[in-house]
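The structure under discussion appears below in the form of structure tokens.
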Amino acid sequence: MKGSAGVSRVKVSADGHGVVSHAGVGMLREVADLTGLSAQVTAALADTYKGRWIHAPGDVFADLVAAVADGADCVDGAGQLWGDREQAFGPVGSTTTLWRLVDGRIDAAHLPRIRAARAHAREQAWAAGAAPDHDGWLHLDVDATICVDHSDNKENAAATWKKTFGFHPLLVFLDRPDIAGGEALAGLLRAGNAGSNTTADHISVLEQALASLPVAFRPGPDNPDAPKVLIRSDSAGATYGFAAACRAAGVGFSLGATITAPVRDAAEMLTATNSWYPAIETDGGIREGAWVAEATELVDLTKWPPGTRLILRKERPHPGAQLTFTDSDGHRLTGFLTDTADGVIPGQLAGLELRHRQHARVEDRIRQAKATGLRNL
Numbered sequence: 000m001k002g003s004a005g006v007s008r009v010k011v012s013a014d015g016h017g018v019v020s021h022a023g024v025g026m027l028r029e030v031a032d033l034t035g036l037s038a039q040v041t042a043a044l045a046d047t048y049k050g051r052w053i054h055a056p057g058d059v060f061a062d063l064v065a066a067v068a069d070g071a072d073c074v075d076g077a078g079q080l081w082g083d084r085e086q087a088f089g090p091v092g093s094t095t096t097l098w099r100l101v102d103g104r105i106d107a108a109h110l111p112r113i114r115a116a117r118a119h120a121r122e123q124a125w126a127a128g129a130a131p132d133h134d135g136w137l138h139l140d141v142d143a144t145i146c147v148d149h150s151d152n153k154e155n156a157a158a159t160w161k162k163t164f165g166f167h168p169l170l171v172f173l174d175r176p177d178i179a180g181g182e183a184l185a186g187l188l189r190a191g192n193a194g195s196n197t198t199a200d201h202i203s204v205l206e207q208a209l210a211s212l213p214v215a216f217r218p219g220p221d222n223p224d225a226p227k228v229l230i231r232s233d234s235a236g237a238t239y240g241f242a243a244a245c246r247a248a249g250v251g252f253s254l255g256a257t258i259t260a261p262v263r264d265a266a267e268m269l270t271a272t273n274s275w276y277p278a279i280e281t282d283g284g285i286r287e288g289a290w291v292a293e294a295t296e297l298v299d300l301t302k303w304p305p306g307t308r309l310i311l312r313k314e315r316p317h318p319g320a321q322l323t324f325t326d327s328d329g330h331r332l333t334g335f336l337t338d339t340a341d342g343v344i345p346g347q348l349a350g351l352e353l354r355h356r357q358h359a360r361v362e363d364r365i366r367q368a369k370a371t372g373l374r375n376l
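Note that the sequence shown covers residues 0 to 376 in numbering that gives the first Met the number 0.
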């Protein structure tokens, strides 16, 4: 088989000749071809054409994706970015062709096929060497964010709880500290007034995230040898229904807990019995001024799935930080609910707390997503 690519091979030069702006878009566009994304999308949308096409739908799709990642904020942006750079990026469809793809061809019936095409592309990339450790845990981080829109003409744009206007998407990322940081698995574009702790939305985005994983990396509720998958969330994801859905899907959970009066009472009891242990850093060293303890037996958890544990963490506030009424004994008090059994994670309680604390890395993933097109929705 003869290899082919949409553009000539990339060569780095410092001579100042033949300089092309946005050159990195060409490599991003080529990745879509190498992983089979373009071909899979073409197959998924082939039945939306009555005859032969000039620009394959998968190519049009990849052009739009690359343009959005490069800063385009409208359909015309693809043509503007490509412009007279056809020798570098290859031909691009007209604005009408691009618009028809997103406005008519990718409808509710074809959207699942697009998701399947993305999953196939990830499977190809992982098979080529980009896969995580199959024997380790896969950590999925779910979080919502606000995307500001300055126009009320966009569908589902609405006032947000931050007194802005726009959207409130719910996103899931695979935590990959071994590479660039993570992979975007799924997202649910919601109206700006969508709730932060809507159980149905969390379940929907979890199902989409699991479906986007290669089959060999998906959990199996009835298979003890299936890959170990854990989903992490702040307290917005800590609902009975979402925890039950995680259990049914064979996914472990680590969900931020709301600090209620019974939880504060439990923290004070743990202090009275000297039951706090030092928290740890990523390298295993002691985290100064932070402690962890288990409060499972001190709080009613009967509504949660069997085996759910409540882990608390207290830490001296940073200089200048203001304490709140939920803090205890002059310390900032937080907690999380997890169904990970004792002894599964190295470091015992401190290891569980470190794992949950690393959910904060999702903020970097969201920042990167906004820098590559999410904010332009």
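Just so it is clear, CB atoms sit at the ideal spot from N, CA and C, and this is done for glycine as well.
Please read all numbers here as calculations on a predicted model, not as lab measurements.
Query, Result
"Extent of the continuous alpha helix (DSSP H) to which Thr-95 belongs", "94-99"
"C-alpha gap between Arg-374 and Ser-274, whole angstroms", "45 Å"
"Cβ-based neighbour list, Pro-213, same chain, cut-off 6 Å, excluding 5 preceding and 5 following", "Glu-122 and Trp-125"
"Under the three-state DSSP convention, the category Arg-147 falls into", "It is worth fixing the name first, because residue 147 is Val in this sequence and not Arg. In the structure shown, Val-147 sits in a strand (DSSP, three-state: E or B)."
"Inter-residue CB distance, Leu-139 and Pro-131 (contact presumed, cutoff 8 Å)", "Between Pro-131 and Leu-139 the Cβ distance is about 12 Å, and since that is not below 8 Å, they are no contact."
"Distance between Gly-50 and Glu-362 (C-alpha atoms, nearest Å)", "45 Å"
"Whole-angstrom C-beta distance between Gly-255 and Asp-233, which should lie under 8 Å", "4 Å"
"Of the listed residues Asp-75, Ala-370 and Asp-142, nearest to Thr-198 (C-alpha basis)", "Asp-142"
"Nearest-angstrom Cα separation, counted from Asp-72 out to Thr-259", "43 Å"
"DSSP-derived helix/strand/coil call for Ser-203", "helix"
"Span separating the alpha-carbon of Phe-235 from that of Gly-89", "According to the sequence as given, residue 235 is Ala; it is not Phe. Cα to Cα, the separation comes out at about 45 Å."
"Nearest candidate by alpha-carbon position, reference Arg-104, set Ile-53, Ala-120 and Ala-43", "Ala-43"
"C-beta contact flag for Leu-269 and Ser-253 at 8 Å", "no"
"For Ile-365, three-class secondary structure by DSSP", "helix"
"Check whether Ile-310 and Glu-267 have beta carbons under 8 Å apart", "no"
"One or two residues paired with Lys-313 in a DSSP bridge", "Trp-290 and Leu-332"
"Buried versus exposed, by CB contacts within 10 Å (16 or more), Val-250", "buried"
"Span of the alpha helix (DSSP H), counted from its first residue to its last, around Ala-247", "239-248"
"Assigned exposure category for Met-0 - 16 Cβ within 10 Å defines buried", "Note that Met-0 scores a pLDDT of 42, beneath 50, so its modelled location is shaky; the value from the coordinates is reported in the next line. By the neighbour-count rule (16 or more Cβ atoms within 10 Å), Met-0 is not buried but exposed."
"Touching by the beta-carbon criterion (3+ pairs, under 8 Å), the region 46-66 and the region 142-160", "no"
"Opening and closing residue of the beta strand (DSSP E) in which Glu-182 lies", "180-187"
"Gly-57 and Ala-77 closer than 8 Å at C-beta", "no"
"Local conformation of Met-0 per DSSP, three classes", "Reliability fails at Met-0, whose pLDDT of 42 lies under 50, so the model's placement of it is uncertain and the value that follows must be treated cautiously. Reduced to three states, the DSSP call for Met-0 is coil."
"Residue burial classification, Pro-305 (beta-carbon count within 10 angstroms, cutoff 16)", "exposed"
"For Thr-337, three-class secondary structure by DSSP", "strand"
"Chain D contact for Ala-107 (CB, 8 Å cutoff)", "The chain labelled as chain D is not found in the depicted structure, where only one protein chain is given."
"Limits of the unbroken alpha helix (DSSP H) element including Ile-113", "110-124"
"Coarse secondary structure for Val-91, derived from DSSP in three states", "coil"
"Where the beta strand (DSSP E) containing Gly-255 begins and where it ends", "251-255"
"Residues that DSSP places opposite Ala-158 in a beta bridge", "Phe-164"
"Arg-364 beta carbon less than 8 Å from that of Gly-191", "no"
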